[in-house]
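Numbering (my numbering), first residue to last: 14 to 135. Just so you know, even glycine gets a beta-carbon here, dropped at the ideal spot from N, CA and C.
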Amino acid sequence: MAKNYPEHYRHVKELMGELGKGIPKTMNCFSQLHAKASETGALGVKTKELVALGIAIAIRCDGCIAFHVHDALKAGATEADIMETIGVAILMGGGPAVMYGCEAYEALRQFEQEPDLVKAGS
């Protein structure tokens with residue numbers, strides 16, 4: 014957790030520029046996609062950046078977190094906006110794990126009801 018996110022933002026931005034030199038078509042397409050997806054539409058830029066931040070947190074992408082905190086602030090997000098987004102991301106990152114934990118628990122219960130199947134290994 015000792016990451017310097019402004020430094021990380023600058024570093025990743027620099028690396029993305031270098032990557033663009035190596036694979037220009039791919040990075041140009043990615044840049045166009047990013048620009049179009051970030052345009053104001055039914056959702057404003059700030060809202061879109063907060064959504065992207067929530068996803069970045071849920072998928073555990075440090076570089077994405079750096080970019081989307083930066084861009085959310087740039088779009089006018091407040092500390093309260095970002096804190097609430099973090100809360101929702103925790104729900105979505107943690108909630109699915111709880112659900113799949115319940116599935117695993119249910120599988121355990123079912124296999125316990127069929128010990129011969131477990132012992133046979135098939």
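Of the candidates I36, I70, A79, A79 places its Cα closest to the Cα of H24. In the DSSP annotation of this structure, K16 is not part of any alpha helix (DSSP H), being labelled neither H nor E. DSSP places G89 outside both helix and strand once states are collapsed to three, so it counts as coil. In the three-state DSSP reduction, Q123 falls in the helix class (H, G or I). For the 9 angstroms CB-CB criterion, A65 and G106 do not form a contact.
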